Structure formats: C-alpha cells, structure tokens
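What follows is one structure encoded as structure tokens, with my remarks underneath.
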Amino acid sequence: MVRGLLILGSRGQLGTELTALSRATGWATTAVDIDECDITDPEAVDHWLAVSRAETVINCAAWTRVDAAETEADSAYRANATGPRVLAARCEAAEALLTHVSTDFVFDGSASAPIDEEAAPHPLSVYGASKLAGEEEVRHGCRRHQVVRTAWLYGQGGPNFVLTVLRLAGERDRLRVVADQHGTPTWTGHLAPAILRLAELGAPGTYHLTNSGSTTWHGFAEAVLAEAGVERPVDGLTTAEYPTPAHRPAYSVLDNRAWRLLGEPPLPPWQDGLRAYIAELSAAGRLSARH
Ligand SMILES: NC(=O)c1ccc[n+]([C@@H]2O[C@H](COP(=O)([O-])OP(=O)(O)OC[C@H]3O[C@@H](n4cnc5c(N)ncnc54)[C@H](OP(=O)(O)O)[C@@H]3O)[C@@H](O)[C@H]2O)c1
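In our numbering, the protein residues as written are -15 to 275.
Encoded structure:
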C-alpha cells in the first residue's frame, strides 16, 4: 500500500533524515520547507495537503535557535505555536494524522528520574514555552495527533553539538563544557525510523522518543572526541560558570514509556547513535578536527 506522507521543515536535521528514510521505505513522500510551505500560511498548507494527498503529516518545522528566542520571542512563537495551530486546523479538516515534534525543554529540570509523558511541563525558556504552546495547539486542534518529544538532537546537516565540539577541538587546546545538565543525545538516524513507525501505528497521544541512557553535555563532548579519535582535554563547568540567555533544564532525561507500551523496542543506546554519526561524518570527509 502506498502511504501518502507530507513532511514539513524537510531541510532541517530531522526533516532531511525522515525524507530520505521514508522515500527508501515505500512512503509516497512530499517534502517541503519554508520556501515552499510556511506552516503559518493556511493556504500554503492546504495546497500541499492537496498536492501530496497525504494521510499523514509530520511536522519537523520549528524555530530551534534556543538562545535567540529569548530576544526574538515573536518569531519563535510564530513558527512554534502559530504554525502548529494552522497545521492542526488544516489536518483536522483533511482528516490527516498530524505527527508533531516537540522537545525536552518543555520541562524545568527539577526531576531526578526519567520523565514520563504524564509529567507536568514547566518550561524555563521562551523556546520551551513556545514549543509547549505548539503542543497544546496540536492537541486541541486535531483529533488525530501525535506529539513526539525528543532531546539533544543531532544528525543530517546540523548545526548541532557534535559538529560544534569537533570544530572547537580544531581551534583550541582544551574545551570547557557544562557538566551539570543531564539529558539524552539522540541521533536522527535512530529517531526517524521510530517516528515513521509511530505514524504507521497511528495511535494518538504524547510520546517521548530518545536514544537510551543519559549523560551530561560534558560527557557527550568527551564521547564525541573519543569516537572521532581526537585527544583534547575537556574541563567541566557548572551552568553558573557558563551563563546563556536561555535557561536550560538541569535534568531532562525522557522516559519513553508510551512507546514501550505500544510494544516497541527501546531506541539504541546514545553511544551507538554517536558512533554511527561519526562514521557517517568520516565517510563524508567531514571530520575536520586537528589531531
Ligand atoms: N535540535 C535539537 O537539539 C532538538 C532537540 C529537541 C527537539 N527538537 C525539535 O525537533 C524538531 C526538528 O529539529 P531540527 O534540529 O531538525 O530543526 P532544524 O534543523 O532547525 O530544522 C527546522 C526547519 O524548519 C524550518 N522552518 C522554520 N520556520 C518555519 C516555518 N514557519 N514554516 C516552515 N518551515 C520552517 C527551518 O528553516 P530555516 O532554517 O530557514 O529557519 C528548518 O529548515 C523541532 O521541532 C525541534 O523543536 C530539536
């Protein structure tokens, strides 16, 4: 059976991976980004829903510049809340399933054990608040919806933390990275098949989807360098020693319970995703750090 799929934000990290994977696995995929379809434009969304004949819409479009959102809140809310409102209304009218991607930054970091889908969100940043507003728009506007929260995402194209660490290792003799924020690095190469599986199952609700395990940004940076074969000391900093415009949760490890309860296997350990991504970068000649 050919399954019509519309991917929005298709040239971002996750959109690129989903577009390639869905086309390789038998979906009839139409993939568009902001130049063709701004998700805040109802006419554009209706046009692409009609052209794609999509029964399933996956929204990867978002404002993802977390720190810039603090000073450009209107732009962040436009993409992250108004856009999902429009999508939800148009998907409801078209009776399409809307699978919408959200973030661990909807949580405030006060948890000390993996956070399940029932936990109350409480964002610390404008980005987190705008993404939470988008989740609510999707839940209220479209009966056939899936809200997928992921975390610490890296993959196709970037920009992302892995590429930043490799670049800095090429420029500096030692790195300084925050060591008191805990989360789960998640590779698009593992997340994309899980999202397609979820869309195929069609069960509505909220899902946490990340690689397995957890670490800190400091632990992640050390693993990136080790995997890339780069020897560079990494000093651990506290969040207080490295202030950023946006406050980030100290702990945002997500329990993927709803996914498990569908009978699906956990995503692989985050270290496996990192290994695969570094191998991809290496094969593409993109490991540029000086050794
Ligand atoms: N990156 C992370 O660490 C992370 C962590 C947790 C959750 N997430 C979530 O995962 C999803 C995918 O993230 P990602 O890293 O793949 O994002 P990304 O690489 O920044 O891609 C987002 C894409 O959406 C486009 N876009 C922005 N506004 C749009 C609009 N109004 N209409 C249509 N397209 C628009 C962007 O275009 P421009 O580049 O031209 O703006 C970009 O191509 C997002 O929902 C994000 O919030 C990301």
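For glycine and all other residues, C-beta sits at the position ideal for the given N, C-alpha and C. Only a predicted model underlies this, so the values are computations on that prediction, with no experimental measurement involved.
For a test of the three-state rule: what should DSSP assign to Q130, helix, strand or coil? strand
Between V90 and H166, how many whole angstroms is the CB-CB distance? I'm expecting something under 8 Å. Contact flag wrong, Cβ pair sits at about 16 Å.
Beta carbon of E74: closer than 6 Å to some heavy atom of ligand 1? The sequence given here places Arg at residue 74; Glu does not occur at that position. R74: no, Cβ never under 6 Å from ligand 1.
Contact test: T199 Cβ vs ligand 1 heavy atom, cutoff 6 Å: no
Just to check my reading of the structure: H84 and G139 have Cβ atoms closer than 8 Å, yes? What is that Cβ distance to the nearest angstrom? With a Cβ gap of about 18 Å, H84 and G139 do not count as contacting.
Report yes if the C-beta of D22 is less than 6 Å from at least one heavy atom of ligand 1; otherwise report no. yes
Within 10 Å of its beta-carbon, does D88 have 16 or more other beta-carbons around it, so buried, or fewer, so exposed? buried
Going by the C-beta, is G(-7) closer than 6 Å to any heavy atom of ligand 1? yes
Using only the alpha-carbon positions, how far apart do W171 and G93 sit? 22 Å
Take A104 as the anchor and find which of E120, T24, S266 has the nearest alpha-carbon. E120
Around the Cβ of R74, are there at least 16 other Cβ atoms within 10 angstroms (buried) or fewer (exposed)? buried
Is A137 near ligand 1, in the sense that its beta carbon is under 6 Å from a heavy atom of that ligand? Going by the sequence as given, residue 137 is Leu instead of Ala. Yes, Cβ of L137 sits closer than 6 Å to a heavy atom of ligand 1.
D157, buried or exposed, once every other Cβ within 10 Å from all chains shown has been counted against 16: exposed
Beta carbon of D164: closer than 6 Å to some heavy atom of ligand 1? no
With a cut-off of 8 Å on the beta carbons, I'd call L175 and L193 a contact; round off their distance for me. 6 Å
Just grab the DSSP bridge partners of T170 for me. L137
R123 to R216, Cα distance in whole Å? 46 Å
In chain order, what residues of the same chain have a beta carbon less than 8 Å from the beta carbon of G(-7), not counting five sequence neighbours either side? G(-1), D17, I18, I23, N43, C44, A45, A46
Does P143 pass the burial test, meaning 16 or more other C-beta atoms within 10 Å, or should it be called exposed? exposed
May I ask which residues mark the beginning and end of the alpha helix (DSSP H) holding A97? Neither: A97 is in no alpha helix (DSSP H) and is coded neither H nor E.
Inter-stretch contact at 8 Å, needing at least 3 Cβ pairs: the stretch 193 to 204 / the stretch 61 to 81: no
Would you list the residues sitting across from L180 in a DSSP beta bridge? Looking at the DSSP assignment, L180 forms no beta bridge with any residue, so it has no partner.
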